[in-house]
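From first to last, the protein sequence lines are chains A and B. Take 434 as the starting number for the first sequence in the numbering used here and just add one per residue. Take 434 as the starting number for the second sequence in the numbering used here and just add one per residue. Even for Gly, the Cβ is constructed at its ideal location relative to N, Cα and C. Let me begin by presenting the structure, written as structure tokens, before commenting on it.
There are 2 protein chains.
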Amino acid sequence: MPLIIDKHSPIPQYFQLQTWLLEQIEQGVIKPNDKIPTEEELAQKTGLARATTRQAIQNLVNMGYLVRKRRLGTFVIDRDANNNRQTIVGILVPDIRSGYAPELARGAGDEAANNKHSIIVCSTDDSFIKADFHTNRLIEHCVGGVIFVPTAAPDEKNHLLLERFTRRNIPVVLADRAISDVEVDFVTTDNFQGAYELTKYLILKGHKKIAILVSTLFTTEKQRLEGYKQALSDYGIPLEPSLVFAKPEPYLEKAYLEYVRAILTHKDKFTAIFAGHDRIAYLFYSVANQMGISIPDDVSIVGYDDLAYTNSYSVTLTTMSQPIYAMGEESMKLIMSRIRGNVSGSRKIVLKSSLVERSSVLPRN
Amino acid sequence: MPLIIDKHSPIPQYFQLQTWLLEQIEQGVIKPNDKIPTEEELAQKTGLARATTRQAIQNLVNMGYLVRKRRLGTFVIDRDANNNRQTIVGILVPDIRSGYAPELARGAGDEAANNKHSIIVCSTDDSFIKADFHTNRLIEHCVGGVIFVPTAAPDEKNHLLLERFTRRNIPVVLADRAISDVEVDFVTTDNFQGAYELTKYLILKGHKKIAILVSTLFTTEKQRLEGYKQALSDYGIPLEPSLVFAKPEPYLEKAYLEYVRAILTHKDKFTAIFAGHDRIAYLFYSVANQMGISIPDDVSIVGYDDLAYTNSYSVTLTTMSQPIYAMGEESMKLIMSRIRGNVSGSRKIVLKSSLVERSSVLPRN
DNA sequence: ATTGTTTAATTGTTTATACAATTATATGAT
DNA sequence: ATCATATAATTGTATAAACAATTAAACAAT
């Protein structure tokens, strides 16, 4: 990185010097609290007038990279120590109203509060466009980090969003859902294992014909489907394709209501249902009730998530309890460690889910 | 305000000029988008060198007061138009996970997004201490406004929080719950009217012995209790104090579970229950189920709120549907109008609730 | 030991001058 | 009418040369 000023470049000479200095700082050649050469020294080295070197330095002072002290010289500011940084973390979830988003936001929010940080909550509706909009806002607000639940858009698109943060050195943690081929912190639960256990539970209760309704847009539900298949296979039950309802669409109550209705119309084909997540399970309850089908007497069902209201009703769902609050907490902890300067490679945290047995499954045979 | 530079003052001449210019701008002598004199003109007027006038101008450019345009001159920036202000609004709710908070946050968040603003969500757990903590954060983050659901603390305390914002000219909207004696924007629903209608509905269904379980900490539930009493009175049913369970405590599942249990133990004393809000109603469902009491066959019940999952289950609740999303939207609209400079007196918006009849009430006689 | 004084290094302020770059506007060419 | 070109106003860049102000550090006086 030689310091050569091109007198004939169209780029102003003060700007060439300014850029060179900035590079030295950003690349750590000149470290925080280091003294940079005096105006006079720089003038001699570069062959510029002192006023010109001064202009370069002054600009960097205005930009917050340097402090000047009379008689002592000019020094690189330690931006970490002077914590000039923002203490806000952005959270991109599908919809703050639904699913596990509120619980995740609360876990993240509490952990943020522990570190005197606040959270900006953004609902993406699983749409790339909306996520992109919120990404602009978060960058404008100079957030110190982002917890990102990927959208339903293809990986490339989510990648794009991710890059907009990482390019600006804004740490990102993916929560719950993964994106392929990225080197970024990630907090999730073991959906394969969870689904495996749930399916095994159904099998051990004597169920052999188990229908499953999941979305295949997200890594989480894809893994649940895999866990389901593995369990069937391990217990010698052949996979019945007509019982696998894997929809390449995000969850929308209206659409899934129809799927549920269609599935329940052929309720004689299976004895148990694996719902992709609790909200789908609720749809089954609701439609079953309308159709005069009793859960669990006619059909058994398991869900996934253990949302807060799972147990508030007279009908209670056996489900895989995900530690969503903890997921929010852990995600925020990772962000905080990055904000504090941690530069280790990408970390992955897999939290344990646990089967909560209630009364939506009846033994068979 | 004469422009005189004192050559012998210890204050640098560029700084004298800079200060003079700033005064002219702040006092409106030079208005936004006005052109200020050129460097040369200022140099002539003041007797300074062009480089010196330049330094004064350049500083004001760096401070964001002026823009320079080659060939055209230097202009005063219109800071309102160039919205240099923060575009974040804080939302203080009891708990982002529960009750209507998620829906409120979403309504406010969407309206904020329409105005290119973002929301910082803070969970107070109805505690003054936590609300105070978050208030500090919000002030630090220079939020442009705050939507505040008052805590369970006494009015004086909520007042204190409110003042910390208003003293700094941060507009506040109270959402849902009121505080006495404050001149501040307020968005709510007519809880008295809503409760009156619900009670009337029960009465017209033939119920005469109607138990009520509410918290009396919040204006909302107090008004519901008043509406209940008024309806009884209007329909000539004497108020039976032993059926009024008014608790001066915030809602906590554990505590209220006990109240519900106690109330259901004397289920022969009443034929219907007015639950202070939907979550309380769910407790009644849950406990009734455990105790082998059937809703609505043994006891009828109504709730209040119409939370999203009210209708997801086989058991469906008749309740007063509050337009929570709209409440969030309207609150944010008020904030936005303040941010845009509206200085009218305090405004109050009362949204209409509507009775949603499902199947938790059976007619009597 | 504390206080005052000097010294030298460095940034801060100011002037004077010159030429470069940009661009709205006017002018001229097609 | 449209496009190209020149003009002039203004800010932008650069140099050279002083002197002022601040202050750490060395030194001196009490």
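Neighbourhood of residue i by C-beta distance below 8 Å, restricted to the same chain and skipping five residues each side
| i | result |
| --- | --- |
| A:Asn798 | Gly639 |
| A:Ser675 | Lys702 |
| A:Ser727 | Ala721 |
| B:Pro756 | Thr622, Leu784, Lys785, Ser786 |
| B:Leu505 | Lys468 |
| A:Met753 | Gly627, Ala628, Glu630, Leu631, Val735, Gly736, Tyr737, Asp738, Asp739, Ser786, Ser787, Leu788, Val789 |
| A:Asn515 | Bear in mind that a pLDDT of 45 at A:Asn515, under 50, signals an unreliable position, so the model cannot answer this. |
| A:Thr599 | Val605, Val617 |
| B:Lys502 | Phe508 |
| B:Lys642 | Glu673, Leu676, Lys702, Phe703, Thr704, Ala705 |
| B:His574 | Gln519, Ile521, Gly523, Ile553 |
| A:Lys766 | Glu544 |
Spatially closest choice to residue i from the options, by CA coordinates
| i | options | result |
| --- | --- | --- |
| B:Glu616 | B:Leu788, B:Gly778, B:Trp453 | B:Gly778 |
| B:His576 | B:Ile772, B:Glu472, B:Ser793 | It is worth fixing the name first, because residue 576 of chain B is Val in this sequence and not His. The residue with the shortest Cα to Cα distance from B:Val576 is B:Ile772. |
| B:Arg597 | B:Ala608, B:Asp614, B:Phe625, B:His567 | B:His567 |
| B:Thr751 | B:Leu795, B:Ile726, B:Glu763 | B:Leu795 |
| B:Glu472 | B:Ile463, B:Lys464, B:Ala482 | B:Ala482 |
| A:Phe651 | A:Val582, A:Gly506, A:Tyr629 | A:Val582 |
| A:Ser770 | A:Asp667, A:Arg791, A:Val579, A:His699 | A:Val579 |
| A:Tyr715 | A:Ile696, A:Gly736, A:Leu697, A:Lys700 | A:Gly736 |
| A:Gly660 | A:Ala484, A:Leu767, A:Lys700, A:Tyr634 | A:Tyr634 |
| A:Lys563 | B:Gly542, B:Lys687, B:Leu690 | B:Gly542 |
| A:Ala538 | A:Gln451, A:Ala608, A:Asp618, A:Tyr668 | A:Ala608 |
| A:Lys440 | A:Gly461, A:Thr485, A:Leu455 | A:Thr485 |
| A:Lys687 | A:Thr557, A:Ile713, A:Pro681, A:Asp667 | A:Ile713 |
| A:Lys655 | A:Phe625, A:Tyr689, A:Val776 | A:Phe625 |
| A:Ile572 | B:Ile643, B:Thr520, B:Gly725, B:Tyr668 | B:Thr520 |
| B:Leu475 | B:Gln460, B:Val462, B:Gly461, B:Leu454 | B:Leu454 |
Proximity below 8 Å, CB of residue i to CB of residue j
| i | j | result |
| --- | --- | --- |
| B:Ile552 | A:Ile553 | yes |
| A:Tyr692 | A:Phe707 | no |
| A:Arg530 | B:Pro535 | yes |
| B:Gly761 | B:Gly540 | yes |
| B:Ser764 | B:Val526 | no |
| A:Asp731 | A:Asp711 | no |
| B:Ser733 | B:Ala695 | no |
| A:Pro470 | A:Ile510 | no |
| B:Val620 | B:Ile782 | yes |
| A:Gly451 | A:Asn495 | The question names Gly, but residue 451 of chain A is Gln in the sequence shown. No, the pair does not count as a contact, with Cβ atoms beyond the cut-off. |
| A:Pro604 | A:Thr649 | no |
| B:Asp565 | B:Leu594 | yes |
| B:Ala549 | A:Arg570 | The question names Ala, but residue 549 of chain B in the sequence shown is Lys. It is a contact, given that the beta carbons lie within the stated cut-off. |
Cβ shell of residue i (< 6 Å), same chain only, five flanking positions each side left out
| i | result |
| --- | --- |
| A:Ile438 | Gln446, Gln449, Thr479 |
| A:Gln477 | none |
| A:Arg780 | Asp618 |
| A:Cys555 | Leu525, His567 |
| B:Val500 | Phe508, Ile510 |
| A:Tyr668 | Ile636 |
Residues of its chain near residue i, where Cβ-Cβ distance is below 7 Å and the 5 sequence neighbours each way are ignored
| i | result |
| --- | --- |
| B:Asp559 | Pro527, Thr584, Ala585, Pro683 |
| B:Asn517 | A caution first: B:Asn517 carries a pLDDT of 47, below 50, which makes its placement in the model unreliable, though a value can still be read off. Cβ within range, chain order: Gly497. |
| A:Ser793 | Ile728, Pro729, Ser733, Ile734, Val735, Thr749, Leu750, Thr751 |
| A:Phe561 | Thr584, Ala586, Lys590 |
Whole-angstrom C-beta distance between residue j and residue i, which should lie under 8 Å
| i | j | result |
| --- | --- | --- |
| B:Ala545 | B:Val522 | 6 Å |
| A:Leu658 | A:Leu665 | Not confirmed; about 11 Å, so no contact. |
| B:Thr653 | B:Arg601 | The pair is not a contact, with the Cβ atoms about 28 Å apart (cut-off 8 Å). |
| B:Ile444 | B:Tyr498 | No, B:Ile444 and B:Tyr498 are not in contact; Cβ-Cβ is about 19 Å, not under 8 Å. |
| A:Ile814 | A:Ile612 | An answer regarding residue 814 of chain A cannot be provided, because it is not within the stretch 434 to 798 covered by chain A. |
| A:Val423 | A:Gly709 | Here chain A covers residues 434 to 798 and nothing more, so residue 423 of chain A does not appear. |
| B:Leu690 | B:Met724 | Their Cβ separation, rounded to whole angstroms, is 12 Å, which puts B:Leu690 and B:Met724 out of contact at 8 Å. |
heavy atom of the ligand GDP below 7 Å from residue i C-beta
| i | result |
| --- | --- |
| B:Asp565 | Inclusion of the ligand GDP in the displayed structure is not the case, the ligand content being empty and no account of it being possible. |
**Item:** beta strand (DSSP E) runs wholly inside the segment 575-609 of chain B, at least 3 long, in chain order
**Value:** The qualifying runs are 578-581, 605-608.
**Request:** Entirely within the segment 677-735 of chain B and at least 3 residues each: give me those beta strand (DSSP E) ranges in chain order.
**Result:** Here the runs fully enclosed are 677-680, 705-708.
**Request:** Starting from the N-terminal side, write out each stretch of the beta strand (DSSP E) that is 3 residues or longer and does not extend beyond the segment 484-545 of chain A.
**Result:** Taking only runs of at least 3 residues, the beta strand (DSSP E) segments lying wholly in the segment 484-545 of chain A are 499-502, 506-509, 521-526.
**Request:** Ignoring anything shorter than 3 residues or poking outside the segment 745-774 of chain A, list the beta strand (DSSP E) runs there in chain order.
**Result:** 751-754
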